[in-house]
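Enquirer:
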Amino acid sequence: MDVLWAKFYEIFTTQILDIGGTKFSIASILSLLVLVIIAFFVSKLVSEIIRRSLLSRLRINRGLQEAITVFIKYFLITVTTVIILQSAGINLSSLAVIAGVVGLGVGFGLQNLASNFISGLVLLFEQTLKVGDYIEVGELKGTIEKISIRSTILRTEDALYVIVPNQRFIENNTINWSYEGHTCRIHIPVSVAYDTDLLVLTEALLTAARHEPRVLSNPAPEVWFQSFGRDALEFDLLVWISDPDANEPIRSSINFRIAYEFRERNIRIPFPTREIIIHNPEMTQQIFHSPNLKPAPSSAIKNIPTDEPINIAGSTDNAEITTQSLRDLLRKTSYFERCTEIELFALIARGYRKYFDIGEVICRENDPSEEFYIILFGAVEVISEKNNQAIATLIAGDFFGEISLLTGTPRTATVRALAANTILFVVERQQLQKLLTEHRELGEQIALKLSERQQVLISLGLLNEEELQRSQYAALTWVRDRLNSIFGINLGSI
């Protein structure tokens, strides 16, 4: 037994390999490999400790933390490996030529691995793709969970982890939904029948978008008319979201809301039409007039329309009242009574509905004026907090807040809801500014109507009677200048 053990000891300790001027035995080679493996795991552990204890406290984004961690890990592995080899007496300079020849041969055989390695370095250096980004490459969508030197791990929407070679990101167009921020816009296509009221459709789509809590209010949702299709009018609902990796669930939720709004407003989706050509009408006529055929009872015959739209409607009467009210109420508002259909379309597209519970304050006295309101349902109470008394009660069809918004003055009273589920149509200052910039004629109409309310302007201290006596156009000129100053438009010039 001692002889056998001595033989094994001799085999393991006999110097069999000369590396860099130093001779190594099997035992010394194994010890070097063990030290290198230990160095690898220690380097990985140290880099992970640095990430969790230091980098996480510096408020650095997750992607940059992962990149720094990878660099630290491979730097430590390289340094510790060099130290181990030099401490073993290996002359590294003598290995340069051998390493070059071996690397050249390995490079031809492992081109893809080398390419993925270089691509990984590019991704880590450029930081165009970072851990936590939601990306799309080809048909693959997912969130980046890890970027290593050779590959990147994606977590799909189905919680599947896909290992993607880094070379694929360099060679193919990659969509990074999270690049430079976390907001993105999604398009939701919608097709409706040709006889659809476009104002009603616009309001329905925007209502569906604004009822989805994950849709951003700024930038505001938009409706684009894409084309006149063969069987339908083609529209796109455009909404902005701050959670790109949830775009599919958000899209689904909005589609549900659109279906509900279409049902409420009796908006129809058309069937595709098909044209049938009979090449042998005589034979067909003989078949239908065959004496062996028995006529079907009239009760069994149903008319199947070829081009009638799908009707996903509920209560028609209620839908008619709901869909027509907003346009009719805007027409009743003196500032918009002469608006064209295009201008009303733009106004509805830039406004939105807002719900208030009973007793809820809508706007408060002396607050800045940022919105103009039209009451669609319910009632509101106008209160003077200074005098502690009610001034007026407004019901559906009335409007308020326009004077303060158009003149840039603070609110003159507090308004609160008197009924449960009070519904208001709201137009914000920013959206009104865009509307007046695009539709100058509307701005002129508003200026003219506002100038006619001279007593209100005088009571607010915005005009004085002496100026009005000197010129009959003093009020209109003042209103134009005021609107030009507040909204950055150019009324009154040729």
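The letter at position 217 of the sequence shown is residue 197 when you use my numbering, and the numbering goes up by one with no holes. C-beta: ideal position from N, C-alpha, C; glycine also. Computed from a predicted model, the values in this text were never measured in an experiment.
Quick one: grab the DSSP three-state call for Gln369.
Expert: Position 389 of the sequence shown holds residue 369. Of the three classes helix, strand and coil, the one that applies to Gln369 here is strand, per DSSP.
Enquirer: Rounded to whole angstroms, what's the CA-CA distance from Ala184 to Leu56? Just pull it up for me.
Expert: Within the sequence shown, numbered from 1, the residue matching residue 184 stands at position 204. Within the sequence shown, numbered from 1, the residue matching residue 56 stands at position 76. Straight-line Cα distance between these residues: approximately 60 Å.
Enquirer: Reducing DSSP to helix, strand and coil, say where Ser158 ends up.
Expert: Walking along the sequence shown from the start, residue 158 turns up at place 178. DSSP places Ser158 in coil when its eight states are reduced to three.
Enquirer: Can you tell me whether Ile230 is buried or exposed, with buried defined as 16 or more other CB within 10 angstroms of its CB?
Expert: Residue numbering aside, residue 230 sits at position 250 when the sequence shown is read from its first letter. Ile230 comes out buried.
Enquirer: Locate the alpha helix (DSSP H) running through Ser27, then write down its first and last residues.
Expert: Looking up residue 27 in the sequence shown gives position 47. Per DSSP, Ser27 belongs to the alpha helix (DSSP H) from 6 to 33.
Enquirer: Taking contact to mean at least 3 C-beta pairs separated by less than 8 Å, is the stretch 211 to 226 in contact with the stretch 334 to 344?
Expert: Contact between the stretch 211 to 226 and the stretch 334 to 344 is absent, because fewer than three Cβ pairs lie under 8 Å.
Enquirer: If you compare alpha carbons, which of Ser207, Arg333, Pro193 is closest to Asn227?
Expert: On the sequence shown, position 247 is the one that residue 227 refers to. When only C-alpha atoms are compared, the closest one is Pro193.
Enquirer: So the beta strand (DSSP E) Gly122 belongs to, where does it begin and stop?
Expert: To locate residue 122, count along the sequence shown from 1; it is residue 142. Unbroken beta strand (DSSP E) run through Gly122: 120 to 127.
Enquirer: Just mark Asn199 as buried or exposed, buried being the case when its beta carbon has 16 or more other beta carbons within 10 Å.
Expert: In the sequence shown, counting from the first residue as 1, residue 199 sits at position 219. For the sequence presented, residue 199 should be read as Pro rather than Asn. Label assigned to Pro199: exposed.
Enquirer: Mind checking Val195: buried by the 16 CB within 10 Å criterion, or exposed?
Expert: Your numbering for residue 195 matches position 215 in the sequence shown. Buried: at least 16 other Cβ atoms inside 10 Å.
Enquirer: Report the residue ranges of all beta strand (DSSP E) runs contained in full by the stretch 341 to 387; include only those spanning at least 3 residues, in chain order.
Expert: 341 to 343, 351 to 357, 359 to 364, 369 to 375
Enquirer: Three-state secondary structure (DSSP) at Phe51?
Expert: Within the sequence shown, the letter at position 71 stands for residue 51. DSSP places Phe51 in helix when its eight states are reduced to three.
Enquirer: Can you have a look at Tyr353 and say buried or exposed, based on whether 16 or more other CB atoms are within 10 angstroms of its CB?
Expert: Position 373 of the sequence shown, counted from the first residue, corresponds to residue 353. Looking at its Cβ environment, which holds 16 or more other Cβ atoms inside 10 Å, Tyr353 is buried.
Enquirer: Alpha carbon to alpha carbon, how far is Leu104 from Lys110?
Expert: Mapped onto the sequence shown, residue 104 falls at position 124. Mapped onto the sequence shown, residue 110 falls at position 130. One C-alpha to the other measures close to 8 Å.
Enquirer: Please go through the same chain and pick out, in chain order, the residues whose beta-carbon is closer than 6 Å to the beta-carbon of Val407, but skip the five residues on each side of it.
Expert: What you label residue 407 is simply residue 427 of the sequence shown in a count that begins at 1. If we look at Val407 and ignore the five residues flanking it on each side, its Cβ neighbours are Gly331, Phe352.
Enquirer: To the nearest angstrom, report how far apart Thr154 and Ile403 are at their CA atoms.
Expert: Here residue 154 is taken as the residue at index 174 of the sequence shown, counted from 1. Here residue 403 is taken as the residue at index 423 of the sequence shown, counted from 1. Roughly 44 Å between the two C-alpha positions.
Enquirer: Please state the DSSP three-state secondary structure of Val459.
Expert: Here residue 459 refers to the residue found at position 479 of the sequence shown. Correct three-state label for Val459: helix.
Enquirer: Here's the rule: buried if 16 or more other CB atoms are within 10 angstroms of the residue's CB, otherwise exposed. What is Tyr141?
Expert: Working through the sequence shown from its first residue, we reach residue 141 at position 161. Answer is exposed; the Cβ neighbour count stays below 16.
Enquirer: Which value, in whole angstroms, describes the spacing of the CA atoms of Ile301 and Arg311?
Expert: Here residue 301 is taken as the residue at index 321 of the sequence shown, counted from 1. Here residue 311 is taken as the residue at index 331 of the sequence shown, counted from 1. Caution applies to Ile301, whose pLDDT of 37 falls short of 50 and renders its modelled position unreliable; the value that the coordinates give is listed next. In this structure, the alpha-carbon of Ile301 lies about 15 Å from that of Arg311.
Enquirer: Give me whichever residues DSSP pairs with Pro145 in a beta bridge.
Expert: The residue labelled residue 145 in the question sits at position 165 within the sequence shown. According to DSSP, which records beta bridges pairwise, Pro145 is partnered with Ser131.
Enquirer: Hey, quick one: how far does the beta strand (DSSP E) through Thr402 stretch, first residue to last?
Expert: Taking the first residue of the sequence shown as 1, we reach residue 402 at position 422. Unbroken beta strand (DSSP E) run through Thr402: 402 to 408.
Enquirer: To the nearest angstrom, how far is the alpha carbon of Glu46 from that of Ala189?
Expert: Position 66 of the sequence shown, counted from the start, is the residue given in the question as residue 46. Position 209 of the sequence shown, counted from the start, is the residue given in the question as residue 189. Distance between the alpha carbons of Glu46 and Ala189: 36 Å.
Enquirer: Under 7 Å between the Cβ atoms of Arg165 and Trp204?
Expert: Position 185 of the sequence shown, counting from 1, holds the residue named residue 165. Position 224 of the sequence shown, counting from 1, holds the residue named residue 204. For Arg165 and Trp204, no; Cβs fall outside 7 Å.
Enquirer: Determine the DSSP secondary structure at Pro201, reduced to helix, strand or coil.
Expert: The residue labelled residue 201 in the question sits at position 221 within the sequence shown. If DSSP states are grouped into helix, strand and coil, Pro201 belongs with coil.
Enquirer: From this set, Gly381, Arg148, Phe149, which residue's C-alpha is nearest Arg391's C-alpha?
Expert: The residue you call residue 391 lines up with position 411 of the sequence shown. Ranking Gly381, Arg148, Phe149 by Cα distance to Arg391 puts Gly381 first.
Enquirer: In the structure shown, what three-state DSSP assignment does Lys3 receive?
Expert: Mapped onto the sequence shown, residue 3 falls at position 23. Strand, per DSSP.
Enquirer: Glu421 and Leu398 - do their beta-carbons sit closer together than 7 Å?
Expert: Position 418 of the sequence shown, counting from 1, holds the residue named residue 398. Position 441 of the sequence shown, counting from 1, holds the residue named residue 421. No. Outside cutoff.
Enquirer: For the beta strand (DSSP E) containing Ser232, name the first residue and the last one.
Expert: Here the question's residue 232 lines up with position 252 in the sequence shown. Careful: Ser232 lies outside any beta strand (DSSP E), inside the alpha helix (DSSP H) at 227 to 245.
Enquirer: Have a look at the DSSP bridge pairing and note the partners of Lys334.
Expert: Taking the first residue of the sequence shown as position 1, residue 334 is located at position 354. According to DSSP, which records beta bridges pairwise, Lys334 is partnered with Leu404.
Enquirer: Could you round the C-beta distance between Leu356 and Ala326 to whole angstroms and report it? I think they count as a contact, below 8 Å.
Expert: In the sequence shown, residue 356 corresponds to position 376, counting from 1. In the sequence shown, residue 326 corresponds to position 346, counting from 1. Not a contact, Cβ separation roughly 19 Å.
Enquirer: Give the straight-line distance between the Cα atoms of Val102 and Val59, rounded to the nearest whole angstrom.
Expert: In the sequence shown, the residue the question calls residue 102 occupies position 122. In the sequence shown, the residue the question calls residue 59 occupies position 79. The alpha-carbon atoms of Val102 and Val59 are separated by roughly 22 Å.
Enquirer: With DSSP run on the structure shown, which of helix, strand or coil describes Gln107?
Expert: As a position in the sequence shown, residue 107 is number 127, starting the count at 1. Note: Gln107 maps to coil in three-state DSSP.
Enquirer: With H, G and I counted as helix, E and B as strand and the rest as coil, what does DSSP make of Ser222?
Expert: Counting from 1 along the sequence shown, the entry for residue 222 is found at position 242. Note: Ser222 maps to coil in three-state DSSP.
Enquirer: Where Leu385 and Phe208 are concerned, what is the direct C-alpha to C-alpha distance, given to the nearest angstrom?
Expert: The count along the sequence shown starts at 1 and reaches residue 385 at position 405. The count along the sequence shown starts at 1 and reaches residue 208 at position 228. Those two C-alpha atoms are separated by around 38 Å.
Enquirer: Please look up how many angstroms separate the CB atoms of Arg318 and Gln425, rounded, as I've assumed it's under 8 Å.
Expert: For the purposes of this step, residue 318 is identified with residue 338 of the sequence shown, where counting begins at 1. For the purposes of this step, residue 425 is identified with residue 445 of the sequence shown, where counting begins at 1. That belief holds up - the Cβ atoms of Arg318 and Gln425 are roughly 6 Å apart, short of 8 Å.
Enquirer: Classify Gly100 as buried or exposed, calling it buried when 16 or more other Cβ atoms lie within 10 Å of its own Cβ.
Expert: Numbered from 1 along the sequence shown, position 120 holds the residue referred to as residue 100. Buried, since its Cβ has 16 or more Cβ neighbours within 10 Å.
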